[in-house]
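Q: Pasting in a structure now, in structure tokens, and then I'll have a few things to ask.
2 protein chains.
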Amino acid sequence: MATIYHVARRSGVSTATVSRVMKGGTGFSAATRERVLAAAGELAWVPSGSARGLASRRTGIVGLIFPDLDNTDEPGQDSPLYFDQIIRGAERAATAMGDAVLIAGSRCATGRDLVFSVASKVDGLVVLAGSLSKRDLDQIGRSVPVVLLADRAAHRGMDGVAADNRGGARAITSHLIVGHGYRELAFVGGVQRAPDSMERFAGFRDALKEAGLSIPEAPAALGGFTESGGELAMHEILRAPRPPEAVVFANDQMAIGALSTLRRARIPVPAQMAIAGFDDIAAARHVRPALTTVRQPMRDLGEQAVRLLFERVAEPDGARRAVLLSTEVVLRRSCGCGARVRAGATS
Amino acid sequence: MATIYHVARRSGVSTATVSRVMKGGTGFSAATRERVLAAAGELAWVPSGSARGLASRRTGIVGLIFPDLDNTDEPGQDSPLYFDQIIRGAERAATAMGDAVLIAGSRCATGRDLVFSVASKVDGLVVLAGSLSKRDLDQIGRSVPVVLLADRAAHRGMDGVAADNRGGARAITSHLIVGHGYRELAFVGGVQRAPDSMERFAGFRDALKEAGLSIPEAPAALGGFTESGGELAMHEILRAPRPPEAVVFANDQMAIGALSTLRRARIPVPAQMAIAGFDDIAAARHVRPALTTVRQPMRDLGEQAVRLLFERVAEPDGARRAVLLSTEVVLRRSCGCGARVRAGATS
DNA sequence: TTGTAGGCGTTATCAT
DNA sequence: ATGATAACGCCTACAA
């Protein structure tokens, strides 16, 4: 395998000059440049990333840590699709800076192992909420810059970016109340203490309070963020003596599951019961009736997180930042809206 | 930042011993091990990935090159979702071997350079069909092992894995003919010379031929693999003097677009026209009527590609291999099937 | 504009 | 079981 020495010899210059040409700045004649590039091409030489990283102390890689990229083998069971969008956003932002993205599920590797295999290979890390324990997070934060994604548990000394879950939930709930006149509303959460679920529930309560309606202590049901969980949750709700006029779900997948239950129960949506979700996954448009929901700027989340990371890498001691991205209500038929219109953004 | 020297000094051993302990094999006493680990922990030391890579000639990273991770800002326009599944499969296989996955889109402005910079950071590359020109591919193949994904244009001396597109298309078309008795079938392709589209069309023709029906020279229409393209393609088909009884689409997104057109035209599916797609994306289950389609084992594709890559890295001169993964027909309502049953696999 | 040379943090090969 | 030390391939002052 060719090295910089071979290229230098072949093009009749020093390794320093080869290095300069490869870096792309200035400090060499056009003729030299051509000779070097030609030699590099002939030898099929690519500068070693490892050697470069070692000498320059930059790997040109940003890492992305997920809670668990695939815990299910059920093909139909789409595990959180928003991961994918986040990856895309991150990839875009990184590519724009000439960096690449390293992805790793935290699944089997915990703490030290992960630090090992990933932290040492990157210039910085974007960590999704729920990927790491606080302990591991702190430890990893000691060896590389870290940006927290969708994790409002603002950790000491770490940058973070998140979507305005609360504002979005508040906005869509207000729409149901003000726009359609519903007075009996219920909320279906995901998992017991999941931050996302809790924030959205808080927004739901904000809207009820604002409208002077009585506000529940807890979600009417929990659906585990899955489609089947949503079906069950809806069954639970239908068993109540007096079912609500409208139900807000903590995510789209549960809402879609609920639509199945309602169809089987021959309860017309939205005529007899209005439904709203959260996320705006692709299926939300295809389901009948099309699902009214709140769009999260997932791609932007990934993009902003990487940008923030670059800033931190460039200026390690700068003030920490917390970026909040606004969400957007997407009105479709399931809430009672006739057409598919978009309402304003929150925050 | 701590280095191996600091750790060695602090634990009273040589750097060689620290290195051995970190590698995890044997060749040191338990007591030594403890001391080293303790020192490493206290100093928050993580072995530098670059230095490791330089010395050992292994980065512990496999690269994944895509045609273009996101060329659209249209949130509804899901660019090929199967990328995501492939990423997941690759991540899983790599993690199982203790490696990480580096992803990079290729078509953006800085794409070409990026690809080469990625090549130098990884032990091997999985390249998706359509990411690189043959020239670039050959060149890159000279500096790292490459596995081609979903690219049947069997390149000289490269391993490859792909799905059985032709067999899948043949199987679903046969189902329409044999299972439902349709005799007038049409095929809608994606892009003019796209390999996927062509292979699926070939499978479609295989089935017609087998049934003794007349086989068309070319697809009845082209829909560019997009939903809106599918809508247009269906309009085109409806303009024909004698529309077909069943239409097979080169992918699900186009088929879903076609369903919209048919709904607006008040043509009942499958009663008056049966529809079949390809891929089995998530939306295929949610659309009404639910879409009959062919499932591609996308996750497996990613997984197998990475496995193959590891084999090649371990044994650079082994015989090249071409892996073909079987597809599976998924019967839903759009073809005329009453229930949602699964038929057998191909190949 | 170009060359010289020291160092980046590990691993691996010999010794012991 | 452990230590000394030469690579590993590149970058970057510093010189010329």
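The listed protein sequences correspond, in order, to chains H and B.
Going letter by letter, the first sequence gives residues 1 to 347 in the working numbering.
Going letter by letter, the second sequence gives residues 1 to 347 in the working numbering.
Just so you know, even glycine gets a beta-carbon here, dropped at the ideal spot from N, CA and C.
(1) Pair every Cβ in the region 25 to 33 of chain B with every Cβ in the region 274 to 291 of chain H, then say whether three or more of these pairs are closer than 8 Å.
(2) Select from B:Leu102, B:Ala39 and B:Val122 the residue whose C-alpha is nearest the C-alpha of Thr59 (chain B).
(3) What first and last residue would you give for the alpha helix (DSSP H) that runs through Phe28 (chain H)?
(4) Using only alpha-carbon positions, find the residue among B:Ser143, B:Leu64 and B:Gly105 that is nearest to Ile87 (chain B).
(5) Which complete alpha helix (DSSP H) runs does the region 184 to 249 of chain B hold, if anything under 4 residues is left out?
(6) Are there 16 or more other CB atoms within 10 angstroms of the CB of Arg166 (chain H), so buried, or fewer, so exposed?
(7) Can the beta-carbon of Ala39 (chain H) be found closer than 7 Å to that of Val62 (chain H)?
(8) Out of B:Gly105, B:Glu91, B:Tyr182 and B:Ala16, which has the shortest C-alpha to C-alpha gap to Ile103 (chain H)?
(9) Short of 8 Å in beta carbon distance, which residues of its chain neighbour Val191 (chain B), apart from the five on each side in sequence? Order them along the chain.
(10) Under a CB-based cut-off of 7 Å, is Val46 (chain B) close to chain H?
(11) Taking 7 Å as the threshold (C-beta atoms), are Glu227 (chain H) and Gly257 (chain H) in contact?
(12) Could you give the residue range of the beta strand (DSSP E) that holds Arg58 (chain B)?
(13) Interface residues of chain B around Arg264 (chain H) at Cβ under 8 Å?
(14) Am I right that Ala274 (chain H) and Ala233 (chain H) are in contact with their C-beta atoms under 8 Å? What's the rounded C-beta distance?
(15) Against Leu114 (chain B), what residues of chain H qualify as contacts under a CB-to-CB distance less than 8 Å, listed in chain order?
(16) State the start and end residues of the unbroken alpha helix (DSSP H) segment that holds Thr292 (chain B).
(17) Under 7 Å Cβ-Cβ, which residues of chain B neighbour Asp84 (chain H)?
(18) Would Val248 (chain B) and Phe187 (chain B) qualify as a contact pair, given that the criterion is a beta-carbon distance under 7 Å?
(19) What residue range does the alpha helix (DSSP H) around Ile140 (chain B) cover?
(20) Per DSSP, which one or two residues make a beta bridge with Glu315 (chain B)?
(21) Would you tell me roughly how many angstroms separate the C-alpha atoms of Val147 (chain B) and Leu137 (chain B), rounded to the nearest one?
(22) Please classify Glu303 (chain B): is it buried, with 16 or more other beta-carbons within 10 angstroms of its beta-carbon, or exposed?
(23) If you count every other CB in all the chains shown that lies within 10 Å of the CB of Asp151 (chain B), and 16 or more means buried, which is it?
(24) Measure the C-alpha to C-alpha separation of Gly277 (chain H) and Gly49 (chain H) and round it to an integer number of angstroms.
(25) Looking only at its chain, what residues have a beta carbon closer than 7 Å to the beta carbon of Gly130 (chain H), apart from the 5 residues adjacent to it on each side?
(26) If distances are taken between C-alpha atoms only, which option among B:Ala169, B:Ser56, B:Val18 and B:Val330 comes closest to Arg33 (chain B)?
(27) Helix, strand or coil for Val122 (chain H) per DSSP?
(28) Could you tell me the distance, in whole angstroms, from the CA atom of Gln77 (chain B) to the CA atom of Phe204 (chain H)?
(29) Quick one, which of H:Asn251, H:Ile237, H:Arg142 and H:Arg156 has its alpha-carbon nearest Pro195 (chain H)'s?
(30) Could you name the residues of the region 142 to 162 of chain B whose beta carbon sits closer than 7 Å to any beta carbon of chain H, in the order they occur along the chain?
(31) Can the beta-carbon of Arg170 (chain H) be found closer than 7 Å to that of Ala207 (chain H)?
(32) Given that a residue counts as buried once 16 or more other Cβ atoms are within 10 Å of its Cβ, and exposed if not, what is Phe314 (chain H)?
(33) Going by alpha carbons, who is nearest to Ala271 (chain B) out of B:Arg333, B:Ile281, B:Gly168 and B:Ser174?
A: If we stick to the structure as given:
(1) no
(2) Here the closest residue by C-alpha is B:Val122.
(3) Looking at the DSSP string, Phe28 (chain H) is not in any alpha helix (DSSP H), and its letter there is neither H nor E.
(4) B:Leu64
(5) 195 to 210 and 227 to 238
(6) By the neighbour-count rule (16 or more Cβ atoms within 10 Å), Arg166 (chain H) is buried.
(7) no
(8) B:Glu91
(9) Ser197, Leu222, Gly224 and Phe225
(10) yes
(11) yes
(12) That residue, Arg58 (chain B), is in no beta strand (DSSP E); it is neither H nor E in DSSP.
(13) At a C-beta separation below 8 Å, Arg264 (chain H) has no neighbours in chain B, since its nearest C-beta there lies roughly 14 Å away.
(14) Not quite, the Cβ-Cβ distance comes to about 16 Å (not below 8 Å), so this is no contact.
(15) Thr95, Gly98 and Ala100
(16) No residue range can be given for Thr292 (chain B), since it is assigned to no alpha helix (DSSP H) and is classified by DSSP as neither H nor E.
(17) Asp84
(18) yes
(19) Lys134 to Gly141
(20) None; Glu315 (chain B) has no bridge partner.
(21) One C-alpha to the other measures close to 10 Å.
(22) buried
(23) Buried is the label assigned to Asp151 (chain B), since at least 16 other Cβ atoms lie within 10 Å of its Cβ.
(24) 45 Å
(25) Pro67
(26) For Arg33 (chain B), the nearest C-alpha among the options comes from B:Val18.
(27) coil
(28) Because Gln77 (chain B) sits at a pLDDT of 44, beneath the cut-off of 50, its placement in the model cannot be relied upon, and the following sentence gives the value as read from the coordinates. Gln77 (chain B) and Phe204 (chain H) have their C-alpha atoms some 30 Å from each other.
(29) H:Asn251
(30) Arg142 and Ser143
(31) yes
(32) According to the sequence shown, residue 314 (chain H) is Ala rather than Phe. Classification for Ala314 (chain H): exposed.
(33) Nearest to Ala271 (chain B) by alpha-carbon distance, out of B:Arg333, B:Ile281, B:Gly168 and B:Ser174, is B:Arg333.
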